[in-house]
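Comments concern the structure below.
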Amino acid sequence: MSETLLDIRDLRVTYQTEEGLVLAVDNLNLTLKKGETLGLVGETGAGKTTTALAVMQLVPNPPGTVESGEIWFNGENLLKKKNEEMRTVRGNQISMIFQDPMTSLNPVLTVGFQIEEAVMLHQKLTSKQAERQARDMLKLVGIPEGRAGDYPHEFSGGMRQRVGIAIALSCNPSLLIADEPTTALDVTIQAQVLDLMRRLRSEFGTSMILITHDLGVVAEVCDTVAIMYAGTVVETSDTRRLFTEPRHPYTQGLFGSIPSLDEEVTRLSPITGIMPDPTELPSGCRFHPRCPMAAEICSQRTPTMVPVEEGHNVHCMIYEGLVEAKKE
Amino acid sequence: MKTEADNMVAPTGEQAPNTRKSRSQWAEVWRRLRRNRMAMLGLVIILIIFFTAIFAEVIAPYDYRTQNLMRVADPPSREHLLGTDDLGRDILSRIIFGARVSLQVGFVAVSISLIVGGTLGALAGYYGGNLDNVVMRFMDVLLAIPSILLAIAIVSAFGGGLINVMIAVGIATIPVYARIVKASVISIKEQEFVEAARAVGARDSRIIIKHILPNSLAPIIVQGTLGVAIAILSAAGLSFIGLGIEPPTPEWGAMLSSGRHLIRRAPHVATFPGIAIMITIFALNLLGDGLRDALDPRLKQ
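Protein sequence lines correspond, in order, to chains A and B. Counting from 1, one number per residue, gives the positions in the first sequence under our numbering. Counting from 329, one number per residue, gives the positions in the second sequence under our numbering.
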């Protein structure tokens with residue numbers, strides 16, 4: 001449809017901890033086209049946030065290191081960039097919305113100043129112009145511009161997240177990474193914030209990576225989805241196809257664990273077991289200890305990517321023809 | 329949680345700019361401090377001492393150098409409200425001028441150690457690793473020597489005088505501030521808004537100065553206030569043993585020292601400078617304690 005904005009290839013990020021080396025992200029491949037929204041879905045600890053931080057080159061170091069891989073953004077490998085060059089990308093071309101609006105704003109600075117700061121860092125404007133732009137951004141996210149002089153503690157959670165969005169969009173980035181932007185909010189406010197993000201995204205033409213564990217949010221906002229499990233992507237697809245025909249046993253398990261409005265189900269069928277310990281990841285397919293269809297080969301061989309359809313890729317040996325799919 | 333509703337009726341920017349009722353964190357702290365009577369008493373005393381020091385020439389009844397050998401060590405009288413010292417100088421005037429020296433030493437010494445110690449602590453806390461190790465081990469070395477001993481060593485090496493005393497007392501307390509600043513920088517740099525600042529592309533220096541330090545001011549202010557008291561006391565101690573301010577500059581510690589041999593015959597010569605020191609330290613401690621309470625987020629409400 002259009003050209004690729006972000007292309008992550010074979011990314012591997014590790015954290016050095018006292019218990020040993022943690023493989024936070026391994027063998028991760030993702031692509032995002034211009035103007036699209038990608039949902040990055042997975043359980044806590046699946047490596048979603050680490051992936052986002054790797055794109056921003058903000059993986060805390062130590063203990064974290066991006067060991068290998070390439071992150072191509074607008075034709076440039078971000079991992080090859082120097083820190084100083086990266087600074088001009090952050091906030092300017094790629095910006096981020098954080099999970100908890102209660103802690104992601106600086107409590108001692110006015111919200112107006114915090115937006116101005118983002119503007120001033122990347123654009124050659126006088127402080128008057130920056131202030132003007134900060135106020136415009138506030139208006140854009142539905143906050144009266146007269147409140148620019150207020151401090152974060154004078155705002156509600158939903159409004160703070162709007163401020164976070166204003167900061168993120170203030171330099172008109174081409175990629176916006178939203179790390180669970182609605183998790184910390186009330187359900188009613190969630191809808192407002194999502195609406196706002198969707199509206200602004202189309203207004204600004206920004207591509208977006210939306211990190212979430214809420215499949216409802218994905219269905220509402222995203223064009224494509226990548227399902228992550230234990231540091232790697234197990235399935236990517238466009239949203240509609242993923243919801244109608246989930247292919248990977250883990251994805252199927254995820255859908256089995258949410259109540260459906262259409263069918264009467266007395267008991268949900270959660271995925272058995274727990275996320276593997278990231279210091280001792282299982283061999284072969286990471287999901288095999290919990291997989292209802294696991295066969296012997298699953299513990300010995302790492303599955304490769306299988307395109308089951310155009311734009312729908314699955315990492316599972318069922319689709320490589322090596323394992324027989326059981327009917328549940 | 330009222331904001332969402334407020335929002336609907338809140339005036340828009342066109343009318344709003346002048347009606348900024350916004351209360352910053354510091355306004356909140358001031359409100360809490362004002363309710364603490366003892367802290368306010370301390371603040372008032374310090375302000376009085378401050379103005380006394382500034383307007384010493386106007387307030388003091390006599391020149392601090394004028395000797396009157398006819399009236400040596402006179403007890404308090406109408407002409408000399410606090411009596412005269414061993415050279416017949418007016419003690420009240422000398423205490424008033426002495427406030428200048430003491431406050432100067434207190435604030436300048438604390439500023440020196442705050443700037444040096446704070447910078448080192450902030451760098452060590454923010455970058456961690458080897459830099460942290462080198463800086464903090466050096467601080468440990470300084471800390472291992474009792475601060476008054478260190479100050480004595482510095483003053484005896486470089487000579488007395490106001491400036492040297494301030495530097496000596498300042499250097500001796502550097503590690504205290506380095507530790508405090510480092511501790512609060514470490515706890516704050518883990519917070520999400522620091523990461524957010526990085527994500528907008530802010531430089532390290534900007535993050536430290538604009539984002540981290542303003543958030544770690546609370547313990548620094550408290551320690552600074554108490555530190556002024558300690559510095560005044562150290563300076564008085566240095567002067568007392570004859571290593572501090574050179575006469576005839578009036579300094580409370582030196583005055584105390586010069587009244588020592590008259591303690592039986594004319595106790596007021598040593599007593600009044602001592603009381604001056606005591607009141608100042610007491611007021612600073614009251615204020616410091618009050619600030620500690622006012623700045624403690626757990627006591628909000």
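All C-beta atoms, glycine included, are put in the ideal place defined by N, C-alpha and C.
**Asked** By how many angstroms is the C-alpha of D418/B removed from the C-alpha of R428/B?
**Response** One-based indexing of the second sequence puts residue 428/B at position 100. One-based indexing of the second sequence puts residue 418/B at position 90. CA-to-CA, the gap between R428/B and D418/B works out to about 16 Å.
**Prompt:** Which chain A residues are close to G529/B, counting only those with a beta carbon under 9 Å from its beta carbon?
**Reply:** The residue given as residue 529/B occupies position 201 in the second sequence. Result: M86, R87, T88, V89, R90, G91, N92, S95, A118, L121, H122, C171.
**Distance between A178/A and S95/A (C-alpha atoms, nearest Å)** = Translated into positions along the first sequence, residue 95/A becomes position 95. Translated into positions along the first sequence, residue 178/A becomes position 178. Roughly 8 Å separates the two Cα atoms.
**Request:** Could you tell me the boundaries of the alpha helix (DSSP H) in which F73/A lies?
**Result:** Within the first sequence, numbered from 1, the residue matching residue 73/A stands at position 73. Where F73/A is concerned, there is no enclosing alpha helix (DSSP H), although the beta strand (DSSP E) it sits in stretches over 64-73.
**Asked** So G370/B and A437/B are in contact, right, with Cβ under 8 Å, and what is the actual spacing, rounded?
**Response** Looking up residue 370/B in the second sequence gives position 42. Looking up residue 437/B in the second sequence gives position 109. So it is not a contact: roughly 20 Å between Cβ atoms.
**Beta-carbon contacts of N77/A that lie in its chain and below 6 Å, excluding the five residues immediately before and after** = Stepping through the first sequence from its first residue, residue 77/A is reached at position 77. Contacts found: E70.
**Message:** Cβ closer than 7 Å: which chain A residues qualify as neighbours of A524/B?
**Reply:** Translated into positions along the second sequence, residue 524/B becomes position 196. Under the 7 Å cutoff, chain A gives F98, S104.
**Message:** Please list, in chain order, the chain B residues whose beta carbon lies closer than 9 Å to that of M56/A.
**Reply:** Indexing the first sequence from 1 puts residue 56/A at position 56. Residues of chain B passing the Cβ test: R526, A527.
**Asked** From V163/A, Q129/A, G45/A, pick the residue whose C-alpha is nearest to that of V141/A; which is it?
**Response** Position 141 of the first sequence, counting from 1, holds the residue named residue 141/A. Among V163/A, Q129/A, G45/A, the Cα nearest to that of V141/A is on V163/A.
**Item:** Contact list for R211/A against chain B, beta-carbon separation under 9 Å
**Value:** Here residue 211/A refers to the residue found at position 211 of the first sequence. One detail in the question is off: residue 211/A reads as Ile in this sequence, not Arg. Those within 9 Å of I211/A in chain B number zero; the least Cβ separation is about 14 Å.
**Prompt:** When you check each C-beta in the segment 58-76 of chain A against every C-beta of chain E, which residues fall closer than 9 Å?
**Reply:** Among the chains of the structure shown, chain E does not appear; the protein chains present are A and B.
**Item:** R406/B versus L415/B, P389/B, M583/B, residue with shortest Cα-Cα distance
**Value:** Here the question's residue 406/B lines up with position 78 in the second sequence. When the alpha-carbon of R406/B is set against those of L415/B, P389/B, M583/B, the nearest one is in P389/B.
**Prompt:** Between A452/B and D532/B, what straight-line distance do the alpha-carbon atoms span, to the nearest angstrom?
**Reply:** Along the second sequence, one-based indexing puts residue 452/B at 124. Along the second sequence, one-based indexing puts residue 532/B at 204. Distance between the alpha carbons of A452/B and D532/B: 13 Å.
**Item:** Expected contact under 8 Å - CB spacing of P358/A and S299/A to nearest Å
**Value:** In the structure as shown, chain A begins at 1 and stops at 328. Residue 358/A is therefore absent and cannot be evaluated.
**Prompt:** Exposed or buried, what is Q16/A when buried is set at 16 or more other beta-carbons lying within 10 Å of its beta-carbon?
**Reply:** Locating residue 16/A in the first sequence gives position 16, counting from the first residue. Of the other Cβ atoms in all chains shown, fewer than 16 fall within 10 Å of the Cβ of Q16/A; this residue is therefore exposed.
**Request:** Would you mind working out which of G47/A, A24/A, T44/A, A54/A sits nearest D7/A, comparing C-alpha positions?
**Result:** In the first sequence, residue 7/A corresponds to position 7, counting from 1. The candidate whose alpha carbon is nearest that of D7/A is A54/A.
**Message:** Can you pull the chain A neighbours of E520/B, defined as C-beta to C-beta under 7 Å?
**Reply:** The count along the second sequence starts at 1 and reaches residue 520/B at position 192. Near E520/B (Cβ distances below 7 Å), the residues of chain A are F98, D100, T103, S104.
**Prompt:** Along the chain, where does the alpha helix (DSSP H) that runs through K517/B open and close?
**Reply:** Taking the first residue of the second sequence as 1, we reach residue 517/B at position 189. Under the DSSP assignment, K517/B falls in the alpha helix (DSSP H) whose first and last residues are 502-517.
**Asked** Does any residue of chain A bring its CB to less than 7 Å from the CB of H539/B?
**Response** Translated into positions along the second sequence, residue 539/B becomes position 211. When Cβ-Cβ separations below 7 Å define contact, H539/B makes contact with chain A.
**Range of the contiguous beta strand (DSSP E) that encloses A226/A** = Here residue 226/A is taken as the residue at index 226 of the first sequence, counted from 1. Segment 224-229, the beta strand (DSSP E) holding A226/A.
**Prompt:** Are the beta-carbon atoms of A557/B and L490/B separated by less than 7 Å?
**Reply:** Locating residue 557/B in the second sequence gives position 229, where the first residue counts as 1. Locating residue 490/B in the second sequence gives position 162, where the first residue counts as 1. Judged by their CB atoms, A557/B and L490/B are not nearer to each other than the 7 Å cut-off.
**Prompt:** Looking at the unbroken alpha helix (DSSP H) that takes in N172/A, where does it start and where does it end?
**Reply:** Looking up residue 172/A in the first sequence gives position 172. DSSP places N172/A outside any alpha helix (DSSP H), giving it a letter other than H or E.
**Prompt:** chain B partners of I167/A, CB-CB under 8 Å?
**Reply:** To locate residue 167/A, count along the first sequence from 1; it is residue 167. In chain order: A524, V528.
**Message:** Taking 8 Å as the cut-off, does the segment 440-455 of chain B touch the segment 503-510 of chain B (at least 3 CB pairs, one atom from each stretch)?
**Reply:** These segments touch.
**Rounded Cβ spacing between S237/A and G35/A (contact assumed at less than 8 Å)** = Taking the first residue of the first sequence as 1, we reach residue 237/A at position 237. Taking the first residue of the first sequence as 1, we reach residue 35/A at position 35. With a beta-carbon spacing of about 18 Å, S237/A and G35/A fall beyond the 8 Å limit used to define contacts.
**Own chain, CB closer than 8 Å to D277/A, minus 5 neighbours either side, in chain order** = The count along the first sequence starts at 1 and reaches residue 277/A at position 277. Correct list: empty, nothing qualifies.
**Request:** Measure the Cβ-Cβ separation of V314/A and R240/A and say whether it is below 7 Å.
**Result:** Numbered from its first residue, the first sequence carries residue 314/A at position 314. Numbered from its first residue, the first sequence carries residue 240/A at position 240. No.
**Request:** Measure the CB-CB distance between A46/A and I211/A and report whether it falls below 7 Å.
**Result:** Reading the first sequence from its first residue, position 46 is the one you call residue 46/A. Reading the first sequence from its first residue, position 211 is the one you call residue 211/A. In this structure, A46/A sits away from I211/A, with a CB-CB distance that is not shorter than 7 Å.
**Prompt:** Where does K538/B land, buried or exposed, given buried means 16+ other C-beta within 10 angstroms?
**Reply:** Translated into the one-based positions of the second sequence, residue 538/B becomes position 210. Looking at its Cβ environment, which holds 16 or more other Cβ atoms inside 10 Å, K538/B is buried.
**Asked** Does the beta-carbon distance from F600/B to G581/B come in below 7 Å?
**Response** Along the second sequence, one-based indexing puts residue 600/B at 272. Along the second sequence, one-based indexing puts residue 581/B at 253. G581/B sits away from F600/B, with the two beta carbons spaced by 7 Å or more.
**Prompt:** Exposed or buried, what is N83/A when buried is set at 16 or more other beta-carbons lying within 10 Å of its beta-carbon?
**Reply:** As a first step, residue 83/A is located in the first sequence; it is residue number 83 there, counting from the start. Exposed, since its Cβ has fewer than 16 Cβ neighbours within 10 Å.
**Prompt:** Got a sec, what are the start and stop residues for the beta strand (DSSP E) V308/A sits in?
**Reply:** The residue you call residue 308/A lines up with position 308 of the first sequence. Where V308/A is concerned, the enclosing beta strand (DSSP E) stretches over 305-309.
**Item:** Sheet register partners of V22/A (DSSP bridge)
**Value:** Mapped onto the first sequence, residue 22/A falls at position 22. Under DSSP, V22/A forms a beta bridge with Y15/A.
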